[in-house]
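Some notes on the structure that comes next.
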Amino acid sequence: MDGFTELMLLGFADLGMEAIYEFDVVDMPVTVAVEAGGTSAHITGPAEWQKCIAAGERKTITLESV
Numbered sequence: 072m073d074g075f076t077e078l079m080l081l082g083f084a085d086l087g088m089e090a091i092y093e094f095d096v097v098d099m100p101v102t103v104a105v106e107a108g109g110t111s112a113h114i115t116g117p118a119e120w121q122k123c124i125a126a127g128e129r130k131t132i133t134l135e136s137v
């Protein structure tokens, strides 16, 4: 799989694609949209991503920081 350097199943393997995974990726744009308050990243995200891309910024979120 292009871009993926490591894939680890964290839980609920019996759920297949709905299981919880941890991915390490390199040189691959990814979007993870999880918002408990109901805000849709599909609506708010594109403008934020465009600002980051234009500024050459990268944001990294790890499971430990959540």
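Residue numbers (our numbering): 72 to 137.
No residue lacks a Cβ here, since even glycine has one placed at the ideal position from N, Cα and C.
It should be emphasised that the depicted structure is a prediction, and the values quoted were computed from it without experimental measurement.
Cβ pair residue i, residue j closer than 8 Å
i	j	result
Asp-98	Glu-77	no
Top-ranked residue by Cα proximity to residue i, from the options
i	options	result
Glu-93	Glu-119, Met-79, Leu-86	Met-79
Glu-128	Pro-100, Phe-75, Glu-89	Pro-100
Neighbour-count burial assignment, residue i, 16 or more Cβ in a 10 Å radius
i	result
Ser-136	Because Ser-136 sits at a pLDDT of 46, beneath the cut-off of 50, its placement in the model cannot be relied upon, and the point is left open.
Phe-83	exposed
Cβ-heavy atom distance, residue i to the ligand GDP, below 7 Å
i	result
Gly-82	The model on display carries no ligand, and the ligand GDP is accordingly not part of it.
Whole-number beta carbon distance between residue j and residue i, since they are thought to touch under 8 Å
i	j	result
His-113	Ala-125	The Cβ separation is near 20 Å, so there is no contact.
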